[in-house]
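Engineer: Sequence order for the protein chains is A and B.
Just so you know, full-length UniProt numbering puts 31 at position 31 of the first sequence, and the rest follows in order with no gaps.
Just so you know, full-length UniProt numbering puts 188 at position 188 of the second sequence, and the rest follows in order with no gaps.
Protein chains: 2
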Amino acid sequence: MGITDKSKGLLIVLSGPSGAGKGTVCSALRNRLPDLTYSVSATTRQPREGEVNGVNYFFKSHAEFERMIEEGKLLEWAKYVNNYYGTPREFVEEKLEEGKDVLLEIEVQGARQVKEQFPQGVFIFLLPPSMQELRERIRNRGTETEESLHNRMKAAENELKQVEYYDYVVVNDVVEDACDRIRAILVAEHSRKDRFLENHPDWLEGF
Amino acid sequence: MGITDKSKGLLIVLSGPSGAGKGTVCSALRNRLPDLTYSVSATTRQPREGEVNGVNYFFKSHAEFERMIEEGKLLEWAKYVNNYYGTPREFVEEKLEEGKDVLLEIEVQGARQVKEQFPQGVFIFLLPPSMQELRERIRNRGTETEESLHNRMKAAENELKQVEYYDYVVVNDVVEDACDRIRAILVAEHSRKDRFLENHPDWLEGF
Numbered sequence: 001m002g003i004t005d006k007s008k009g010l011l012i013v014l015s016g017p018s019g020a021g022k023g024t025v026c027s028a029l030r031n032r033l034p035d036l037t038y039s040v041s042a043t044t045r046q047p048r049e050g051e052v053n054g055v056n057y058f059f060k061s062h063a064e065f066e067r068m069i070e071e072g073k074l075l076e077w078a079k080y081v082n083n084y085y086g087t088p089r090e091f092v093e094e095k096l097e098e099g100k101d102v103l104l105e106i107e108v109q110g111a112r113q114v115k116e117q118f119p120q121g122v123f124i125f126l127l128p129p130s131m132q133e134l135r136e137r138i139r140n141r142g143t144e145t146e147e148s149l150h151n152r153m154k155a156a157e158n159e160l161k162q163v164e165y166y167d168y169v170v171v172n173d174v175v176e177d178a179c180d181r182i183r184a185i186l187v188a189e190h191s192r193k194d195r196f197l198e199n200h201p202d203w204l205e206g207f
Numbered sequence: 001m002g003i004t005d006k007s008k009g010l011l012i013v014l015s016g017p018s019g020a021g022k023g024t025v026c027s028a029l030r031n032r033l034p035d036l037t038y039s040v041s042a043t044t045r046q047p048r049e050g051e052v053n054g055v056n057y058f059f060k061s062h063a064e065f066e067r068m069i070e071e072g073k074l075l076e077w078a079k080y081v082n083n084y085y086g087t088p089r090e091f092v093e094e095k096l097e098e099g100k101d102v103l104l105e106i107e108v109q110g111a112r113q114v115k116e117q118f119p120q121g122v123f124i125f126l127l128p129p130s131m132q133e134l135r136e137r138i139r140n141r142g143t144e145t146e147e148s149l150h151n152r153m154k155a156a157e158n159e160l161k162q163v164e165y166y167d168y169v170v171v172n173d174v175v176e177d178a179c180d181r182i183r184a185i186l187v188a189e190h191s192r193k194d195r196f197l198e199n200h201p202d203w204l205e206g207f
């Protein structure tokens, strides 16, 4: 046996505050790292035109989704505007077992839930190029009362403070550079000594 | 202030058993990563033709070297065949302060000494593509008695067991691939949350 065998896949969680550009970076990663597996979320909202079940989302009824919650079949979930969104556990676990790296692009609250179940995951916190810019992005998202703007700022500040639960911080200054850093994190994580020894318990054999 | 400011340099220690190819990988890295600072060792051995003081080595007399040891001016040192070899502390610390990443390519014993003084360094253990190949390389290094071969094998086995003190394991299957992994480790380490927060204590200001 050599010592470059395929090891078990990594769970990578890409999260960060609203307005950091998670979706944009994730789209760029799909082109840049096609070997990475991108987790497909489940939702109770109606499919939009062109959306395919199992590709864009797993579309579920409210009853089905609630049964998934009860049976522990979701790694994380949340309800926004009367619809459920979540990450099915089975798809992720199967891919990891096959040795594939799986990326979840999720909100900060969901990342916290995943961390509790997968502490060995790789947690990446995406930040915008500056705090002033993030403030502007949040401010410009719709015309609102001062009170609701204040609430959204408070929510964003709470999201930012969650950085402490993450392993890495990637600044999304230029999307391609952010992708390069995320790729580097994957390569480095596969080279970590603890993972190496875990995946190659008999590496000293043959010497 | 943005949040992509230059942070303090990283100390990277590239080590591993004799025969892993540390010198070859380090030479390739000099071409591949010219912005990295490569530590210059001090030695008491005579300069060979073409070797330049301060470039290939800092050439020292025995008395000078022993004074450096006494005054704690070496990060690590050892004596091989009546000559001293070591890593001057000042050069490394100056470059790190300037924000430059510094790479030390050293033996396993030296890496252990550096670890005691720079636990925050990034320790990379280089391995040959297979244990059988390492065995062959050690076996073919000179014609010796069975006893001295046995001793060298024992020494190599002890070196291999030091892997536990390292952060990363990089398999030197193809030199360019090993360089790519080392580059990825540097990029990832600069993105570590703990370093980010240490280097940007006021990152939340302006939000």
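Every residue, glycine too, gets a C-beta built ideally from N, C-alpha and C.
(1) Could you give the distance in angstroms between the alpha-carbon of Tyr166 of chain B and the alpha-carbon of Pro201 of chain A?
(2) Report the option in B:Gly86, B:Glu93, B:Glu49 whose CA atom is closest to the CA atom of Thr37 of chain B.
(3) When we look at the beta-carbon of Pro88 of chain B and count the other beta-carbons within 10 Å, is it buried (16 or more) or exposed?
(4) Just to confirm before moving on: does the CB-CB distance between Ile106 of chain B and Val170 of chain B stay below 8 Å?
(5) Mind pulling the alpha helix (DSSP H) runs of 4 or more residues that sit fully within the segment 88-132 of chain B?
(6) Where does the unbroken alpha helix (DSSP H) through Ser15 of chain A begin, and where does it stop?
(7) What's the call for Thr43 of chain B, buried or exposed, on a 16-neighbour Cβ count within 10 Å?
(8) By how many angstroms is the C-alpha of Glu189 of chain A removed from the C-alpha of Arg195 of chain A?
(9) Could you tell me the alpha carbon to alpha carbon distance between Val25 of chain B and Pro17 of chain B, rounded to whole angstroms?
(10) So with CB distances below 9 Å, who are the chain B contacts of Asp67 of chain A?
(11) Pick from B:Leu29, B:Ile12, B:Glu49: whose alpha carbon is nearest that of Asp180 of chain B?
(12) If contact means a Cβ-Cβ distance below 9 Å, which residues of the segment 141-163 of chain B contact chain A?
(13) Within 8 Å of any Cβ in chain A, is that where the Cβ of Ser18 of chain B sits?
(14) Have a look at the DSSP bridge pairing and note the partners of Gly86 of chain B.
(15) Should Asn158 of chain B be labelled buried (16 or more other beta-carbon atoms within 10 Å of its own) or exposed?
(16) Pull up the DSSP beta-bridge partners for Thr145 of chain B, would you.
(17) Name the two residues that bound the continuous beta strand (DSSP E) containing Val170 of chain B.
(18) Whole angstroms is fine: what's the gap from Ser41 of chain B's alpha carbon to Lys60 of chain B's?
(19) Counting only C-beta atoms, is Val187 of chain A closer than 8 Å to chain B at any point?
(20) Determine the contact status of Leu14 of chain B and Asp101 of chain B, defining contact as a CB-CB distance below 8 Å.
(21) Report, in whole angstroms, the separation of the C-beta atoms of Gly19 of chain B and Leu134 of chain B, which I expect to be a contact under 8 Å.
(22) Please report how far the alpha carbon of Ala111 of chain A lies from the alpha carbon of Ile12 of chain B, in whole angstroms.
(23) Which of the three DSSP states is assigned to Phe196 of chain A in this structure?
(24) Quick one: does Asp167 of chain B have its CB under 8 Å from some CB of chain A?
(25) Which of the three DSSP states, helix, strand or coil, is assigned to Asn56 of chain A?
(26) Round the Cβ separation of Leu10 of chain B and Val122 of chain B to the nearest angstrom and send it over; I've been treating them as touching at under 8 Å.
Structural biologist: With the given structure in hand:
(1) 16 Å
(2) Nearest C-alpha to Thr37 of chain B: B:Glu93.
(3) buried
(4) no
(5) 89-97, 108-117
(6) Unbroken run through Ser15 of chain A is the beta strand (DSSP E), 11-15; no alpha helix (DSSP H).
(7) Thr43 of chain B is classed as buried because its beta carbon has at least 16 other beta carbons within 10 Å across all chains shown.
(8) Straight-line measurement puts the Cα of Glu189 of chain A at about 8 Å from the Cα of Arg195 of chain A.
(9) 13 Å
(10) Per the sequence presented here, residue 67 of chain A reads as Arg, with Asp not at that position. Those do not exist, as Arg67 of chain A stays about 37 Å from chain B at its closest Cβ, beyond 9 Å.
(11) B:Leu29
(12) Met153, Ala156, Glu157, Leu160, Lys161, Val163
(13) no
(14) Bridge partners of Gly86 of chain B: B:Ala42, B:Trp77.
(15) exposed
(16) Note: Thr145 of chain B sits in no beta bridge, so no partner.
(17) 168-171
(18) 10 Å
(19) yes
(20) no
(21) 5 Å
(22) When only Cα atoms are considered, Ala111 of chain A and Ile12 of chain B end up about 31 Å apart.
(23) helix
(24) Output row for Asp167 of chain B: interface = yes.
(25) coil
(26) That pair is a contact at about 6 Å.
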